[in-house]
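For the sequence shown, the working numbering begins at 5 and goes up steadily by one. Yeah, the Cβ is synthetic: ideal placement off N, Cα and C, and Gly gets one too. Remember, it's a predicted structure, so these values are computed and weren't measured experimentally.
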Amino acid sequence: MEGKMERKLCSKSDQPLREQNEEEKAKTSGSLTITKKEIDRAQTDHSKPRKDVASAGEFSDPVYKKLARLNGEVNKMTKDQLKAKLTELKLDTNGVKEVLKRRLKNVYKKQKLMKARIKPPGSTKYDYLVVIDYEATCEREVDDYQHEIIEFPAILVDVADMSIADEFHSYCRPVLNPKLTEFCVQLTGITQTKVAAAPKFPQVLTSFSEWMQGHHLGDGHSFAIVTDGPWDMSRFLHMQCQFSGLDFPRWARKWVNIRKVYSNFYQCRRCGIEAMLISLGMTFQGQLHCGRDDARNIARIALRLLSDGATLKINEYLTQSTNRRQDRTGEVENVSPSNPVPSDICSEDELETGDGAKVTDEVKAKVKANKVDSELSSGVKQLSLQDEQDDGIEDLLAYYKLQSS
Ligand code: AMP
Ligand code: MG
Numbered sequence: 005m006e007g008k009m010e011r012k013l014c015s016k017s018d019q020p021l022r023e024q025n026e027e028e029k030a031k032t033s034g035s036l037t038i039t040k041k042e043i044d045r046a047q048t049d050h051s052k053p054r055k056d057v058a059s060a061g062e063f064s065d066p067v068y069k070k071l072a073r074l075n076g077e078v079n080k081m082t083k084d085q086l087k088a089k090l091t092e093l094k095l096d097t098n099g100v101k102e103v104l105k106r107r108l109k110n111v112y113k114k115q116k117l118m119k120a121r122i123k124p125p126g127s128t129k130y131d132y133l134v135v136i137d138y139e140a141t142c143e144r145e146v147d148d149y150q151h152e153i154i155e156f157p158a159i160l161v162d163v164a165d166m167s168i169a170d171e172f173h174s175y176c177r178p179v180l181n182p183k184l185t186e187f188c189v190q191l192t193g194i195t196q197t198k199v200a201a202a203p204k205f206p207q208v209l210t211s212f213s214e215w216m217q218g219h220h221l222g223d224g225h226s227f228a229i230v231t232d233g234p235w236d237m238s239r240f241l242h243m244q245c246q247f248s249g250l251d252f253p254r255w256a257r258k259w260v261n262i263r264k265v266y267s268n269f270y271q272c273r274r275c276g277i278e279a280m281l282i283s284l285g286m287t288f289q290g291q292l293h294c295g296r297d298d299a300r301n302i303a304r305i306a307l308r309l310l311s312d313g314a315t316l317k318i319n320e321y322l323t324q325s326t327n328r329r330q331d332r333t334g335e336v337e338n339v340s341p342s343n344p345v346p347s348d349i350c351s352e353d354e355l356e357t358g359d360g361a362k363v364t365d366e367v368k369a370k371v372k373a374n375k376v377d378s379e380l381s382s383g384v385k386q387l388s389l390q391d392e393q394d395d396g397i398e399d400l401l402a403y404y405k406l407q408s409s
């Protein structure tokens with residue numbers, strides 16, 4: 005197999021001849037041969053796909069067998085072979101082996117499905133992603149600290165254009181602990197002068213809502229909030245809204261935890277911003293724990309995931325219990341085929357769950373009644389994301405320790 009693979013990883017110099025031969029071969033076999041021309045064609049072929057995965061009877065098309073074989077071959081490739089193949093296809097060669105494998109497999113998948121005129125399962129369906137990374141008041145090693153948000157950045161990612169469309173940014177003036185601790189200043193780089201001159205959180209939240217309206221987010225344009233972990237919404241915003249006596253915003257009740265998308269897509273351990281960037285062959289730009297820089301770097305990871313073919317979709321939400329005044333951290337639920345986002349916090353088109361799988365009408369009806377039967381959704385389970393562990397307070401504390409170590 006290794007020898008066969010090497011032969012196929014030929015140099016660029018014999019490209020035209022190779023393309024011709026490989027196109028011929030690809031017609032008759034499901035081999036690892038794919039040409040740049042084919043990729044371009046797959047990417048520009050907008051003719052209506054013939055079949056939908058769901059309606060095609062769950063992977064009955066022979067193309068899936070071919071894809072399984074291709075994936076097996078990609079799994080056996082060395083890092084150098086992966087890089088050579090990606091170079092040949094004029095694709096990014098940055099990243100660890102797992103990243104490269106996923107990138108190559110995705111290209112094959114896209115191309116083969118397109119050729120078989122099957123609609124590739126699941127793509128990021130939002131017009132925009134809104135990446136948020138709050139910074140908050142803090143003190144070293146105080147577990148039950150009453151955090152107040154002191155930096156509110158949001159990066160608007162245009163999904164179709166694969167670009168940063170706009171940024172929202174404001175510092176916020178804390179009220180309970182108006183003087184930042186030395187630890188907080190050191191960690192975040194946010195100075196006392198900046199927060200002292202800033203508006204209080206309720207005013208900033210209003211400005212943010214206006215910014216969202218200005219971009220017609222949720223009103224003409226679909227969007228999803230993207231965060232690094234569940235804590236921005238479940239802890240910092242939750243705590244802040246309780247403290248400020250504000251209703252928890254509807255848009256903040258569900259989000260895309262990028263760590264989960266990343267680890268599920270590249271099949272690697274869940275990790276923080278810096279580690280994700282390193283695995284992608286990138287480096288953190290700016291200062292870690294500066295909210296704006298954190299958010300910009302998360303947006304870079306999101307763009308990388310999008311271009312590698314990952315589907316960014318809501319994977320966590322806050323339960324109703326967020327209204328309980330005594331809870332500082334809202335209860336986070338993982339989204340899965342058997343646990344779609346409840347109908348009171350999502351529109352019907354957000355009921356899609358799992359890796360490209362759509363919940364059935366029957367499940368939709370149950371979700372509407374807020375009763376979800378896992379048996380009913382078992383038909384889409386084979387497409388689901390790997391089981392998610394709960395990111396609770398223990399994770400948050402472990403995360404703090406990791407960050408400060
Ligand atoms: P981050 O997005 O990782 O920059 O963290 C968001 C917020 O979490 C910070 O503004 C702090 O309030 C808090 N935080 C992060 N790391 C620590 C730490 N090591 N100890 C205490 N609080 C922390
Ligand atoms: Mg941050």
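*Any idea which residues DSSP pairs V199 with across the strands?*
Answer is none; V199 lacks a bridge partner.
*Looking only at its own chain, which residues have a Cβ that is under 8 Å from the Cβ of K198, when we skip the five neighbours before and after it?*
Y175
_Exposed unless 16 or more other CB atoms sit within 10 angstroms - verdict on L180_ = exposed
*Return the residue from the list V230, I282, E171, T91 that minimises the CA-CA distance to F212.*
Comparing C-alpha distances from F212 to each of V230, I282, E171, T91 shows the shortest one belongs to E171.
*Whole angstroms is fine: what's the gap from L117's alpha carbon to P66's?*
10 Å
_For ligand 2, residues whose Cβ lies under 6 Å from any non-hydrogen atom_ = D137, E139, H293, G295, D298
*What separation, rounded to the nearest whole angstrom, lies between the Cα atoms of L292 and T333?*
24 Å
*Please work out which residues of its chain come closer than 6 Å, Cβ to Cβ, to S226, disregarding the five sequence neighbours upstream and downstream, and give them in chain order.*
Y130, D131
_Burial state of G295, where buried means 16 or more other Cβ atoms lie within 10 Å_ = buried
*Is any heavy atom in ligand 1 found nearer than 7 Å to the beta carbon of R308?*
no
*Span of the beta strand (DSSP E), counted from its first residue to its last, around T231*: 227 to 231
_If I follow the unbroken alpha helix (DSSP H) through I154, where does it start and stop?_
Taken as a continuous stretch (DSSP letters only), I154 belongs to no alpha helix (DSSP H), being part of the beta strand (DSSP E) at 153 to 162.
_Taking 8 Å as the threshold (C-beta atoms), are V134 and V265 in contact?_
With contacts defined as CB atoms closer than 8 Å, V265 and V134 fail to qualify as a contacting pair.
*How far does the alpha helix (DSSP H) with N268 in it reach, from first residue to last?*
Run containing N268: 262 to 270, per the alpha helix (DSSP H) assignment.
*Start-to-end residues for the alpha helix (DSSP H) that takes in A306*: 295 to 311
_Sequence-distant residues of its chain with Cβ nearer than 6 Å to T48 (five each side left out)_ = Model confidence at T48 stands at a pLDDT of 46, short of 50, so the residue's coordinates are unreliable; what they give is reported in the following sentence. Once the five neighbours on either side are set aside, T48 has no close Cβ partner at all.
_If I measure Cβ to Cβ from F205 and keep anything under 6 Å in the same chain, skipping five residues before and after, which residues do I get?_
I153, C176, Q244, S248
*Examine the Cβ distances between the segment 256 to 271 and the segment 158 to 169 and report whether three or more of them are shorter than 8 Å.*
no
*Kindly indicate which three-state DSSP category I277 falls into: helix, strand or coil?*
helix
*Note the first and the last residue of the continuous beta strand (DSSP E) segment covering E320.*
320 to 322
*Leaving aside the five residues before and after E337 along the sequence, list all residues of the same chain whose C-beta is less than 6 Å from its C-beta, in chain order.*
Once the five neighbours on either side are set aside, the close Cβ partners of E337 are Y321, T323.
*Within its chain, find whatever has a CB closer than 8 Å to the CB of Q217; leave out the 5 residues flanking it on each side and keep chain order.*
D223
_Secondary structure of S347, DSSP reduced to three states_ = coil
*By DSSP, does I282 sit in helix, in strand, or in coil?*
helix
*Between R106 and I136, what straight-line distance do the alpha-carbon atoms span, to the nearest angstrom?*
Taking C-alpha positions only, R106 is separated from I136 by approximately 26 Å.
_Quick check: L90 and T82, are their CB atoms within less than 8 Å of each other?_
no
*With C-beta atoms as the reference, is L209 less than 8 Å away from Y138?*
no
*For H220, count neighbouring C-beta atoms within 10 Å of its own C-beta (all shown protein chains included) and say buried if the count is 16 or more, exposed if not.*
Exposed, because fewer than 16 other Cβ atoms sit within 10 Å of the Cβ of H220.
*Count the other CB atoms within 10 Å of the CB of K375; is the residue buried (16 or more) or exposed (fewer)?*
Per-residue confidence for K375 stands at a pLDDT of 41, beneath the threshold of 50, marking its modelled position as unreliable; the derived number appears in the next sentence. By the neighbour-count criterion, in which a residue is buried when 16 or more other Cβ atoms sit within 10 angstroms of its Cβ, K375 is exposed.
*Among A120, L93, V78, which has the Cα closest to the Cα of S64?*
A120
_Supposed contact pair Y149 and E155 - C-beta distance, whole angstroms, cut 8 Å_ = The Cβ separation is near 16 Å, so there is no contact.
*Complete runs of the alpha helix (DSSP H) confined to the segment 71 to 153 [at least 4 residues]*: 83 to 92, 101 to 119
*Among the residues of its own chain, which have a CB less than 8 Å from the CB of S283, if the five just before and after it don't count?*
G99, V100, E102, V103, Y270, C272, C275
*Indicate the three-state DSSP secondary structure (helix, strand or coil) for D165 in the structure shown.*
coil
*Compare the C-alpha of R308 against each of W255, W235, V163 and name the closest.*
Per the C-alpha coordinates, the member of W255, W235, V163 positioned closest to R308 is V163.
_With a threshold of 7 Å (Cβ to nearest heavy atom), would R144 be considered close to ligand 1?_
yes
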